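S.K.: Can you keep this structure in mind? I'll have questions shortly.
Number of protein chains: 2
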Amino acid sequence: MQFDLIALDADDTLWQNEIYYRRGRDAFNALMAKYGFPDPDKVRLHEIEISNLEFYGYGAVGFAISIAEAAVELTSGEIEAADLLKLLAISKDIISAEVEIYDGVEETLRALADYHPLMLITKGDRNHQESKITRSGLKGYFEQIEIVPEKSPDTYQGILEMYDILPERFIMVGNAMKSDILPVLEIGGNAVYIHNDLTWAHEHTVQHELPEERFFEIDSISDLPDLIRQLEVENPT
Amino acid sequence: MQFDLIALDADDTLWQNEIYYRRGRDAFNALMAKYGFPDPDKVRLHEIEISNLEFYGYGAVGFAISIAEAAVELTSGEIEAADLLKLLAISKDIISAEVEIYDGVEETLRALADYHPLMLITKGDRNHQESKITRSGLKGYFEQIEIVPEKSPDTYQGILEMYDILPERFIMVGNAMKSDILPVLEIGGNAVYIHNDLTWAHEHTVQHELPEERFFEIDSISDLPDLIRQLEVENPT
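These protein sequences, in sequence, are chains S and X.
Read in order, the letters of the first sequence are residues 1 to 237 in the numbering used here.
Read in order, the letters of the second sequence are residues 238 to 474 in the numbering used here.
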């Protein structure tokens with residue numbers, strides 16, 4: 001195999017992201033416990049989050065407004081306004097959180113960029129994503145950066161067409177089956193799944209049949225250069 | 238004068254925008270009156286909005302969270318959670334509002350596009366802006382669409398460099414002195430100010446000395462094709 005383009009996801013692939021949302025959910029749970037609801041229904045919260053995607057897209061704002069709505073619903077409107085504002089302010093914490101890059105990321109990008117053009121493909125709020133990319137100091141490793149509202153097969157197809165890349169010469173790397181792996185496999189591309197314990201529930205999917213000749217798994221992003229080398233050098237087709 | 242590129246602002250230039258925020262402020266005022274505060278301090282609300290720009294940028298979300306914060310502050314936390322949620326939900330109304338295009342816009346774009354490449358330059362939340370552009374049905378008139386976080390001189394400079402356009406051959410059209418006119422004049426470009434009674438307070442600025450050979454005013458977008466023709470045909474330099 002030979003790759004004309006290696007694309008990487010950003011949130012929870014290059015840097016911490018889901019952990020801030022977990023802290024937000026913990027704060028929500030603690031507050032609800034204070035109001036006498038020690039175990040808020042996770043499924044209901046998830047439903048509210050999904051219903052808010054149409055307005056706010058993926059990101060901190062939709063999350064904060066969702067936990068605020070869930071809190072009003074759960075407490076039948078008894079929650080105090082000041083507490084509700086605290087839930088909303090979690091969005092500010094998430095948006096202004098430092099970018100905590102995972103170990104090994106910069107070395108990996110440097111090693112990959114020597115032999116391949118790299119692209120960052122991330123979804124979510126454009127301003128927040130751009131801010132994180134800039135603050136990460138990693139921008140220089142990427143020839144292109146694509147911030148998309150949704151990572152669907154059509155999204156990837158559109159990107160490959162825009163840059164005139166064949167799917168079989170494209171490989172996407174990320175931590176989310178639903179966003180980074182399945183849609184890429186669906187359009188005939190290659191995908192590397194990095195295991196990450198902190199992956200948002202929404203990104204978990206039912207087990208799929210995966211084409212083993214185009215789907216690869218690694219435990220850490222540091223394993224990526226070796227994998228790419230193996231695929232290109234030891235398995236040239 | 239000859240123009241290689243005509244750029245237009247979107248919100249309150251091509252379609253209604255500020256009116257939805259006015260309705261939001263009216264709803265906020267009505268709710269505050271219910272709580273015994275019939276005349277909320279506009280200056281304070283504006284301060285809160287400005288302080289939230291760093292987190293949310295321009296748009297419906299920052300506005301809704303700002304009026305929610307102002308309401309908690311004004312009522313010293315006495316506002317009911319359900320009412321606070323209503324203020325937040327104003328963001329959903331704004332985001333899902335129909336795109337109401339001004340009279341004459343489509344004819345104007347059609348007339349201009351016959352002789353010039355057109356660009357849309359708009360600021361605000363990317364998803365919301367893209368959604369409005371798509372729903373407007375006007376996308377086809379524009380060769381380029383730039384959604385920027387802030388309309389500063391640097392922003393315009395960057396766009397002109399990207400498309401290799403000289404400032405003196407660029408003209409920007411919009412309703413906001415602060416965003417559409419002054420920064421363009423500052424970098425040596427031309428600007429057309431369309432008078433619009435509904436322009437957000439934040440966009441009003443103190444009177445500037447304007448270079449009259451590069452600054453033009455019209456009362457309606459329908460006057461634009463004639464103005465451009467006059468400048469190019471009757472005043473060729």
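Note that the Cβ used here is the ideal one computed from N, Cα and C, for glycine as well.
The structure displayed is predicted, hence computed values, not measured ones.
Could you name each continuous beta strand (DSSP E) segment of 3 residues or more that falls completely within the stretch 62-138 of chain S, going from the start of the chain to the end?
M.R.: If we require 3 residues or more, the beta strand (DSSP E) runs fully inside the stretch 62-138 of chain S come out as 118-123.
S.K.: Give the DSSP-derived three-state secondary structure of S/Y58 in the structure shown.
M.R.: Three-state DSSP puts S/Y58 in coil, outside helix and strand.
S.K.: Using only the alpha-carbon positions, how far apart do X/G299 and S/D26 sit?
M.R.: In a straight line, the C-alpha of X/G299 is about 24 Å away from that of S/D26.
S.K.: Could you run through the stretch 78-104 of chain S and flag, in chain order, every residue whose CB is less than 8 Å away from some CB of chain X?
M.R.: Those would be E78, I79, E80, A81, A82, L84, L85, L88, S91, K92, I95, S96, in chain order.
S.K.: Do the stretch 386-403 of chain X and the stretch 240-259 of chain X touch if we need at least three Cβ pairs shorter than 8 Å?
M.R.: With a cut-off of 8 Å, the stretch 240-259 of chain X and the stretch 386-403 of chain X count as touching, because enough Cβ pairs lie within range.
S.K.: Note down, in chain order, all residues in the stretch 7-39 of chain S with a beta-carbon under 7 Å from any beta-carbon belonging to chain X.
M.R.: Going along the stretch 7-39 of chain S in chain order, one finds no residue with a Cβ nearer than 7 Å to chain X.
S.K.: Of all the CB atoms in chain S, is at least one closer than 8 Å to the CB of X/I302?
M.R.: With 8 Å as the cut-off, X/I302 counts as an interface residue toward chain S.
S.K.: Along chain S, in chain order, which residues have C-beta atoms closer than 9 Å to that of X/A307?
M.R.: Residues of chain S passing the Cβ test: none, with the nearest at roughly 11 Å.
S.K.: With a cut-off of 8 Å, do at least 3 Cβ pairs link the stretch 143-151 of chain S to the stretch 78-86 of chain S?
M.R.: Result no; under three Cβ-Cβ pairs closer than 8 Å.
S.K.: Using a C-beta cutoff of 8 Å, does S/R229 count as contacting chain X?
M.R.: No, S/R229 lies away from the interface with chain X (no Cβ there is under 8 Å from its Cβ).
S.K.: In chain S, which residues lie with their C-beta within 8 Å of the C-beta of X/F292?
M.R.: By Cβ distance, chain S contributes S91, K92, I95, S96.
S.K.: What is the residue span of the alpha helix (DSSP H) that S/F216 lies within?
M.R.: Unbroken run through S/F216 is the beta strand (DSSP E), 215-218; no alpha helix (DSSP H).
S.K.: Whose Cβ in chain X lies nearer than 7 Å to the Cβ of S/V61?
M.R.: In chain order: Y293, V298.
S.K.: For S/R44, decide whether its Cβ has a neighbour in chain X, counting only Cβ atoms nearer than 8 Å.
M.R.: Judged by the 8 Å Cβ criterion, S/R44 is not in contact with chain X.
S.K.: Quick check on DSSP: helix, strand or coil for X/I424?
M.R.: Three-state DSSP puts X/I424 in coil, outside helix and strand.
S.K.: Name, going along the chain, the residues of the stretch 354-376 of chain X whose beta-carbon falls closer than 8 Å to a beta-carbon of chain S.
M.R.: From the stretch 354-376 of chain X, only D362, R363, N364, E367 have a Cβ closer than 8 Å to chain S.
S.K.: I'd like to check one pair, S/F55 with X/S333: are the Cβ atoms closer than 8 Å?
M.R.: Closer than 8 Å, so yes.
S.K.: Give a yes or no on whether 8 Å exceeds the smallest Cβ distance from X/P448 to chain S.
M.R.: Not closer than 8 Å to any Cβ of chain S, the Cβ of X/P448 fails to qualify, so no.
S.K.: Report the option in X/A305, X/S459, X/N472 whose CA atom is closest to the CA atom of X/L349.
M.R.: The option with the nearest alpha carbon to X/L349 is X/S459.
S.K.: Going by the CB atoms, is the gap between X/I338 and X/L251 shorter than 8 Å?
M.R.: Contact: yes.
S.K.: Does the beta carbon of S/P153 sit closer than 8 Å to a beta carbon anywhere in chain X?
M.R.: S/P153 does not count as touching chain X.
S.K.: Would you list the residues sitting across from X/G411 in a DSSP beta bridge?
M.R.: Its beta-bridge partners are X/Y430.
S.K.: Excluding five sequence neighbours on each side, which residues of the same chain lie with their C-beta closer than 6 Å to the C-beta of X/Y272?
M.R.: These residues qualify, in order along the chain: T312.
S.K.: Specify the secondary structure class of S/D11 as computed by DSSP and reduced to three states.
M.R.: S/D11 falls in the strand class under three-state DSSP.
S.K.: Kindly indicate if chain S contains any beta-carbon less than 8 Å away from that of X/P386.
M.R.: Yes, because at least one Cβ of chain S sits closer than 8 Å to the Cβ of X/P386.
S.K.: Would the beta-carbon of X/A305 fall within 8 Å of that of S/L88?
M.R.: Yes, the Cβ-Cβ distance between X/A305 and S/L88 is below 8 Å.
S.K.: The beta strand (DSSP E) with X/E383 in it runs from where to where?
M.R.: Looking at the DSSP string, the run of the beta strand (DSSP E) that includes X/E383 is 381-385.
S.K.: Put X/I243 into one of helix, strand or coil per three-state DSSP.
M.R.: In the structure shown, X/I243 sits in a strand (DSSP, three-state: E or B).
S.K.: Assuming S/Y20 contacts S/I94 (C-beta within less than 8 Å), just tell me the rounded distance between them.
M.R.: 5 Å between Cβ atoms; contact.
S.K.: So, using beta-carbon positions, are S/A70 and S/I90 closer together than 8 Å?
M.R.: No; because the gap between Cβ atoms is not below 8 Å, this pair is not in contact.
S.K.: Among S/I65, S/L210, S/S131, which one has its Cα closest to the Cα of S/T122?
M.R.: Nearest C-alpha to S/T122: S/S131.
S.K.: Looking at C-alpha atoms only, which residue of S/P40, S/Y141, S/G59 is the closest neighbour of S/E73?
M.R.: For the residues S/P40, S/Y141, S/G59, the minimum Cα distance to S/E73 belongs to S/P40.
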